[in-house]
Amino acid sequence: MLDFSTGEPDFKPPAAVTATVSEFLRTRPVHYPPVAGLTELREEVALQLGAVHGRAFSSAEVMVSAGAKHALANLFMVTLSPGDEVVILAPYWVSYPDMVRLAGGVPRVATARIEDRWQIRPEALAAVLGPRTRFVVINSPSNPTGAVLSGAEIQAIVALIEELAPSAWLILDDIYRRLVYGDAKHVSAFRALGDRFDRIVAVDGVSKSYAMTGYRIGFLLAPAPVIAAASRIQGQMTSGVAMPSQVAALAALRDPAGEEVLATMLGAFGRRRRLVIEEIGAIESVGFLPPDGAFYAFFDVRRHLGPGTPFADDLALATWLLERESVALVPGTPFGAPGHLRLSYATADEDLREGLSRLRAAFAALPVAG
């Protein structure tokens, strides 16, 4: 089977990570860690994110969690009251709505369309903003689309927040922020908004940029009272993140060679991205926009679904591709985008070439609706 469903880099972390963890385990006992994270790690994160966002942050505004999802879940747990609404831009990461529900909130979805180049229409966002809106979540680069928000788009989103939900905050899911290609740039919302808007929290981590998904390290950047409350929640739920993982994250952030690992990944992902653009773009019956970031291709297969076709929905088509072609893709429905499929190109080049060849042949043989 050729598996294009996995959302993690197929690379090793910086050598310093493995060496530092090995030395730590060889020479020291592994005790309970501080609940909010190692002081040195929190200080390093505050310093580096301050440089990214053009603000001065303190370690009291940083918490270390077991991955970016855990950081976001902690945030929702300590800030949402029953009935509070969280606006999520679709296509979205599959966990967002359930995280909100688990915390007692209500997810409200504003859907962007491939026809609009994944840019959210003002009327779509305005329709779900209101007095109960507590947060608006943006993920740039996006999982699953790979779309990257411009400064102007961020400003337009915040203009509507200020008009229709004046007490709402903006959440930045920045876990893919360093994985961008060509002329695309990750834009810090802090920088794009300047002094105009300061109700911003961010989620970040080392998983994608340093190929460290299995270490489970994420960061929450928020006002100190929020961090203190989230730390109390984390203390009762999981306690602190495993000490070796925190040592590993600190090594990654401090090691200059970490930039070489990132550059190697970007080079490989850029090469694979070009192949995906060439091959998926050549399938006339699907809609596709080249991704500007992350490592996903998200394409529209609605012409192959419904009456006149063998497939009722994207799940049925994905199942057929798995069983018939041994190609594993992820249906778009869980991302809030029925009729689409997601392909991860974080995989070996030869597997990607073979998988794309199978996909082109499969789609060429399929009927189209209507």
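At the far end of the sequence shown sits residue 374, using the working numbering, and the numbering has no gaps.
Here a beta-carbon is modelled for each residue, glycine too, at the ideal position from N, C-alpha and C.
Does the Cβ-Cβ distance between alanine 60 and methionine 67 come in under 8 Å? no
Assess contact between the region 345 to 360 and the region 5 to 14, defined as three or more Cβ pairs (one per stretch) separated by less than 8 Å. Is contact present? yes
Quick one: grab the DSSP three-state call for aspartate 7. strand
Span of the alpha helix (DSSP H), counted from its first residue to its last, around asparagine 143: Asparagine 143 -> not in any alpha helix (DSSP H); beta strand (DSSP E) instead, spanning 137 to 143.
Whole-angstrom distance between methionine 247 and valine 104, CA atom to CA atom: 28 Å
Quick check on lysine 189: buried or exposed, where buried means 16 or more other Cβ atoms within 10 Å of its Cβ? exposed
Let me know if proline 13 comes out buried or exposed under the rule of 16 or more other beta-carbons within 10 Å of its beta-carbon. buried
Only counting the same chain, and skipping five residues up and downstream in sequence, which positions put a Cβ closer than 7 Å to that of alanine 341? Ala94 and Pro95
In three-state terms, what does DSSP make of alanine 350? coil
Beta-carbon proximity list for arginine 121, same chain, < 7 Å, skipping 5 on both sides: Leu293
Is isoleucine 165 near leucine 197, with beta carbons less than 8 Å apart? no
Once the 5 residues before and after arginine 203 are set aside, which same chain residues still bring their CB inside 6 Å of it? Trp173
Helix, strand or coil at glycine 71 according to DSSP, with G and I counted as helix: coil
Mind pulling the alpha helix (DSSP H) runs of 4 or more residues that sit fully within the region 92 to 149? 100 to 106 and 126 to 130
With distances taken Cα to Cα, identify the nearest neighbour of glutamine 52 among Ala107, Phe302 and Val210. Val210
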